[in-house]
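Undergrad:
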Amino acid sequence: MKPARKLGKTKRITFIVLVLKSARNRKVRRC
């Protein structure tokens with residue numbers, strides 16, 4: 001197992017969380 005792979009996984013998780021937050025904000029603004 002390479003440490004870079006683990007770092008990429010955590011980065012992807014944080015990215016998903018940011019996307020979900022932004023999506024929720026967009027929905028609130030729309031309504």
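Heads up, the sequence shown is in this note's numbering, so the first residue is 1 and it goes up one at a time. Glycine included, each C-beta is placed from N, C-alpha and C at the ideal position.
1) Residues in the same chain with beta-carbon distance under 8 Å from Ala4, minus the five sequence neighbours each way, listed in chain order, please.
2) Between the alpha carbons of Ile36 and Arg24, how many angstroms are there, rounded?
3) Measuring straight from C-alpha to C-alpha, what distance separates Leu20 and Lys11?
TA: The answer reads as follows:
1) Counting only Cβ-Cβ distances below 8 Å, and skipping sequence neighbours, we find nothing.
2) Residue 36 lies beyond the residue range present for the chain, which begins at 1 and ends at 31; the question has no answer from this structure.
3) Taking the straight line joining both Cα atoms gives about 14 Å.
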